[in-house]
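Protein sequence lines correspond, in order, to chains W and A. Just so it is clear: in the first sequence, position 854 is 862 by our numbering, and no numbers are missing. Just so it is clear: in the second sequence, position 137 is 141 by our numbering, and no numbers are missing. Only one structure is covered here, and it is reproduced in the block below.
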Amino acid sequence: MSDQPLRMAAGGRIDRSRRLVFHFDGRRMAGHPGDTLASALLANGVRLVGRSFKYHRPRGILSAGPEEPNALVTLRSGARAEPNTRATMAELFDGLEAESQHRWPSLRFDAGALNDVVSPFLPAGFYYKTFMGPRPDTRVWMWFEKHIRRAAGLGRASTAPDPDHYAKAHGFADVLVVGGGPAGLAAALAAADGGARVVLAEQMPALGGGLADRWSADGVRWLAEAKAALAAHPSVTVLTRTTVAGWYDGNVFSCVERVADHLPEPAPFQPRQRLHILRARQAVIATGAIEQPLVFADNDRPGVMLAAAAAAFPARYGVRPGRRAVVATTNDGGYDSAFALMDAGVELAAIADSRADPPVWARARAAGAGVPVLAGWTVLGAVIGLADPQVCAADLGPLDGGGGRRVACDLIAVSGGWAPAVHLLSQQGNRPAFDTERAAFLPGPLAPGQHAAGAVTGHGDDTAQCIAQGLVAGAAAAAAADAPARSRVALRRPAPLPAAARAGVAIRPVGEAPDPPWGRIRKFVDLQNDVTVKDIALANREGYASVEHLKRYTTLGMGTDQGKTANPAGMALLARQQGRPVAALGTTRFRPPYTPVALGALHGAEVGATLAPVRRTALHDRHLAAGAVMAEAGLWMRPWYYPLAGEDMDAAYRREAAHVRAACGIVDVSTLGKIDVQGPDAALFLDRVYANRMDTLKVGRVRYGLMLREDGFLMDDGTVARLAETQYFVTTTTAQAAPVLSMLEYLLEVAWPDLRVHVASITDQWAAMAVAGPHSRAVLAAALDGIDLATEALGHMGWAEGRCAGAPVRVHRASFSGELAYEVFCPTGFGEHVWDRLMAAGADHDLRPYGTEAMATLRIEKGHIAGAEIDGRTTAADVGLGRMASARKSYTGSVLKERPDLVDPARPRLVGLEVVDASARIGNGALLFGDGDPCRGHGLGHVTSVTWSPVRGRYIGLGLLSGGLDRLGERLIADEPVRGRRSLVTVVDPVFYDPAGEKLHA
Amino acid sequence: MLERASPLGAASTPGRHGAADGPAPVLLHETPAAALVQVSTFPGTEGAAAAALAPLGLAPLPGPGESREAVSGTVVTATGPGRWLAIDLHDGTLPVRLADALRAETASVVDLTHARARLIVSGPRARDALAKGVPLDLSGEARPAGSVATTRFAHVTVQIRVLDDAPADPRFELLVMSSFAGSLWSDLVEAAAEWGVACRRHG
């Protein structure tokens, strides 16, 4: 095992007493708790960690945080393998496995690097122009696309099911503070002090932000006091490892908490990630700023690093990012980083400052350490070793031309200034404005509810001011949140830091560094997408002059990092191409998420079997006990069929259906929608919503009803029982229960608010079972008390109340099967009780349960319509029920059902169909064509419902056929191109069984 | 004696689920009410309804988002404009008594006793477990004891009443449609598994 050659003996927030073993590309190495994968790799001297997207260039670690464009690895293995993970954000755990990506056969020898050699021929837009643009035939592009996609792209996702689970959490706060740096901590303190309920979200594992990366006695003290004060406050919730990914209208925030990503795997029952859906009254944006790189020749080489990141590795992890460094800066901040590196034991070879007049304090400190400060200079190029694609020297030179100097080093630390992290504000429509003095886009005017503090406002160079801003913003947010009166806890505020003894901001942007002496080499603007200075010039030449077009043409700012270290330079270079100020160009608008979000966090617990809730009837367990095969019907679970030993579905349902006709069956119909309609105007109301008369229905009777939509199409059918003068019991189909209820509520609220009627869903109040077949009266007679079942007392479409072994029941004599049949309703909690009693009473009469498949057989044989016929495109007349619609009243849909297209005689109308050859089979959806006609197009209609009919001894069906029963007796072809089947059918009456209705009136 | 069966079904198993260290931070108990009755007034009849309910001790009717325990064990919850759900924990005759008290011109009365399951969620982590699916602020500040809301847990509609708003040990009553009860039960068990949940069924 290697010995972590770049690990410092002391320093950093790591636990040196414990060693963690990890593997990178199979190589075994060690780190410590507190490391990231990036810091542990650097400690072990590993700097080549990936290959670039397009040119397969060797890449290293640029940053120490979420902005990382280069160091993307596949973390973990097997089902937990996660591609494109930033090594700078992956916390080290024992046994961690990581693989570099996008290289073959190995990271060091990558065949795809050929792209780098031919890169002059691969400018932006190359693939599209070459393979897609000039050719009209998309097949050519589709062929090439496969191969291009294989060569490009980053990691590969696992296709195995995700073994982890994810959770959501609805959260509420008066004030959300985004960012746990000094400004955010101060804002949280002040907001809590102002009485607000505060949530503070910090994306890193530890609070402190930049303050924690710069060692100072004052800073350490302040941070400790601030953290203690927040921890002690009862109305503050601090979420670390939590990225605020999106800010949506109404101050809704999506915050992704990485609950267990720092562990080898989540503890039992622990979610891997938690998506906080946080509603906050006010938000304080203290998201800081992101340091920007410099654009120079070969600036993508491993060993080129952002200066503050280079300084953060010793401060956080006790790791030297190199042994000998050159620092190139455009601003004072680069000196802080340079001296921090020096303090950490990194040899400082030179500091190049783009400005002509570096600050006196910095010159003095450098001179004291014997470090040359090169004023007005910058880095022109990174030099790599012959055998090793890592930085071995930097070519430095004056910005304004003239001779340069090569300085040996293994680290080029660069600071091109700071870009405020305005992303969240931008998501909410804030238009960042370019500040020339700071050479950065700062937040534009803030909307109500929005506050900003710290480096995001451009004051990252002055910690004391960040804290002061945070205190002001936090107090203002608390006041504006108008939090409910809450006992305030007097906070001990941390003593403020001494103000920075520096004069103002001064930055000299470099733009594109002059070429090094060795010629025009690629200078990268967007490292993740391999966008170079040349690409931006090309885009501009080709007319992609706006920043949004530039992004889409070159891919600048796309990918997993969304250009966090690329956009500012890209904008500046485009502006220079056009000879305009950056301010005139603007910046692209940011969209959620701020950083990549795992899909698991979005679906949360709603996955697999828990994707949607399940509805169970009161008889669910009885069906399972009877061996039923269950089927989904919307959210409901219904018994499909009850197979006997050795039976398949076909055998079972045919037996069940035949048994109902021969003896007696019972089916669970609890899923039917049931609606209580109550009030003095209930009769009037129902008369307006049903196409047939309802006001004439007498108490004690049941009537079949048709409901139309306002547009005249059929909406639903069902039964209406009048329980009392002012109360009705309405049933709907299972599928339309909710739409019917909401239509009724809508009509009562909006159309007829004057009607004194209420509707209420009572589907869950009543269990229902249909007992059908010649023996059904005998079964009920044995099972029920207090009901006279004689036809004279309880005729077809009547109802009566009684008891079943003590439980109250109401019996509707109604039939869907065509047999003598009763629907037995009882309160849900007595469902099993009544079922058991009916089954016991039915034992002498051969009562057996049947499922929905047999139920469909029976209703098709009887020509009853169901969901397949009421498909939203049929009228009452289409399904043969046109004469039910009353002509003597108006009702919902009565006007629009008379539209010309709805009364067109050529409309497909309901028919029965029967296969000619008894051994033939037809299926739902089969298209109908005239016998001898070519089977092309939509045909004359289609088959809606199919079953094998015990009565007819063959397959029969219902269909919608142009001409309808005018074609009675015609032979048609039922064509099923998808199933590859074609059968001859005869058009017959849709009522296959007992057309006179003698059975159900028996 | 005719017993009402639980709508939870055999799949909803009692006992300890999820993390198993120490006392369960979430308790999930099925505790059915003896009666649940929905009362809806018509425009202008609210006063008449309140007057008719006064002899039963159920007036005044609570305002939006509130509930009132009029008689011990009998609670009236406001569930919508002109709409209340009366809960009687002990007396199953409430539907009849209400129907007798209220004329058809005054209000509609719907017996929903069998249409809802009643679950009690309590314990130090009850709020966290509910927060996984309920998009409402259940803090004591936002919803003190007695508050009522018709909302959802994930995709399932629930009516929540705050029984106890103690910060460290709250209790919530959840009324859910009977057919969804088993689904909600398993969703709640899964939501609370992270901390551990002790489940008890009625009977």
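We put the beta carbon where it would ideally sit given N, CA and C, even for glycine.
In chain W, what lies closer than 8 Å to residue i by C-beta?
i: glycine 51/A; result: Near glycine 51/A there are no residues of chain W at all, since even the closest Cβ is about 15 Å away, more than 8 Å.
i: leucine 178/A; result: Here the premise fails: no neighbours, minimum Cβ distance about 14 Å.
i: arginine 8/A; result: Pro835, Gly837, Phe838
Per DSSP, what kind of secondary structure is residue i in: helix, strand or coil?
i: leucine 716/W; result: strand
i: cysteine 417/W; result: coil
i: methionine 9/W; result: Any answer about methionine 9/W is weak, because its pLDDT of 45 lies below 50 and its placement is not dependable; what the coordinates show is given next. In this structure, methionine 9/W counts as coil in the three-state DSSP scheme.
i: valine 758/W; result: helix
i: valine 668/W; result: helix
i: glutamine 536/W; result: coil
i: asparagine 307/W; result: coil
i: serine 991/W; result: strand
i: glycine 376/W; result: helix
i: leucine 855/W; result: strand
i: methionine 313/W; result: strand
i: serine 190/A; result: helix
i: leucine 433/W; result: helix
i: histidine 110/W; result: coil
i: histidine 1009/W; result: coil
i: valine 199/A; result: In the sequence as presented, valine is not what sits at residue 199/A; that position holds tryptophan. Correct three-state label for tryptophan 199/A: coil.
i: proline 816/W; result: strand
Could you list which residues in chain A have their beta carbon closer than 8 Å to that of residue i, in chain order?
i: proline 279/W; result: Glu198
i: isoleucine 795/W; result: Here the premise fails: no neighbours, minimum Cβ distance about 18 Å.
i: glutamate 831/W; result: In chain order: nothing, as chain A lies at least about 17 Å away.
i: alanine 620/W; result: His159
i: alanine 815/W; result: Leu6
Since residue i and residue j should fall inside the 8 Å C-beta cutoff, what is the C-beta to C-beta distance between them, to a whole number of angstroms?
i: glycine 376/W; j: valine 354/W; result: Not a contact, Cβ separation roughly 17 Å.
i: alanine 111/A; j: leucine 192/A; result: Rounded, the Cβ-Cβ distance is 33 Å, inconsistent with contact.
i: leucine 755/W; j: valine 697/W; result: 7 Å
i: arginine 280/W; j: tyrosine 174/W; result: 6 Å
i: alanine 358/W; j: proline 322/W; result: At roughly 19 Å, the Cβ-Cβ gap does not stay under 8 Å, so alanine 358/W and proline 322/W are not in contact.
i: lysine 905/W; j: leucine 716/W; result: 6 Å
i: valine 381/W; j: alanine 402/W; result: That pair is no contact at about 15 Å.
i: aspartate 793/W; j: glycine 806/W; result: With a Cβ gap of about 18 Å, aspartate 793/W and glycine 806/W do not count as contacting.
Since residue i sits in a beta bridge, which residues does DSSP pair it with?
i: leucine 918/W; result: Leu968/W
i: lysine 682/W; result: Thr739/W
i: aspartate 793/W; result: Arg811/W
i: phenylalanine 449/W; result: Phe442/W
i: glutamine 42/A; result: Leu89/A, Val114/A
i: proline 66/W; result: Arg59/W
i: valine 354/W; result: Bridge partners of valine 354/W: none, in fact.
i: glycine 84/A; result: Arg87/A
i: methionine 181/A; result: Arg120/A
i: leucine 247/W; result: Ala209/W
At 7 Å on the CB atoms, spell out the chain W contacts of residue i, in chain order.
i: serine 182/A; result: Asp772, Thr836
Output, in chain order, the set of chain A residues within a Cβ distance shorter than 7 Å of residue i.
i: tyrosine 187/W; result: A small correction: the amino acid at residue 187/W is glycine; tyrosine does not occupy that position in the sequence shown. Residues of chain A passing the Cβ test: none, with the nearest at roughly 23 Å.
Counting only Cβ pairs nearer than 9 Å, list the residues of chain W close to residue i.
i: aspartate 191/A; result: Ala613, Thr618, Pro621
Query - Contact set between the stretch 120-147 of chain A and chain W, restricted to residues whose Cβ is under 8 Å from the partner - result: Against chain W - using a Cβ distance shorter than 8 Å - the residues of the stretch 120-147 of chain A are Arg120, Asp132, Ala135, Lys136, Gly137, Val138, Pro139, Leu140, Asp141, Ser143, Glu145, Ala146.
Query raised in the report: Between the stretch 170-183 of chain W and chain A, which residues of the former have a C-beta closer than 9 Å to a C-beta of the latter?
Result: His173, Ala175, Lys176, Ala177, His178, Gly179, Phe180: these are the residues of the stretch 170-183 of chain W whose beta carbon lies less than 9 Å from some beta carbon of chain A, given in chain order.
Report task. Identify each residue in the stretch 98-115 of chain A for which the Cβ-Cβ distance to at least one residue of chain W is less than 8 Å, and report them in chain order. Result -> Cβ contacts with chain W come from Ala108, Glu109, Ser112, Val113, Val114, Asp115.
**Report entry** Residues from the stretch 738-764 of chain W in contact with chain A, defined by Cβ distance under 7 Å
**Finding:** Arg764: these are the residues of the stretch 738-764 of chain W whose beta carbon lies less than 7 Å from some beta carbon of chain A, given in chain order.
Report task. Can you give me, in chain order, the residues of the stretch 18-42 of chain A that have a beta carbon less than 7 Å from any beta carbon in chain W? Result -> Listed by position, the residues of the stretch 18-42 of chain A near chain W (Cβ gap below 7 Å) are Gly22, Ala23, Gln42.
Query raised in the report: When you check each C-beta in the stretch 677-697 of chain W against every C-beta of chain A, which residues fall closer than 7 Å?
Result: Those would be Asp684, Gln686, Gly687, Pro688, in chain order.
**Report entry** Against chain A: residues of the stretch 624-652 of chain W by CB proximity under 7 Å
**Finding:** Correct list: Arg624, Thr625, Ala626, His628, Asp629.
Report task. Please name the residues in the stretch 704-736 of chain W whose beta-carbon is closer than 7 Å to at least one beta-carbon of chain A, in chain order. Result -> Within the stretch 704-736 of chain W, contact with chain A at the beta-carbon level (separation under 7 Å) is assigned to Thr734.
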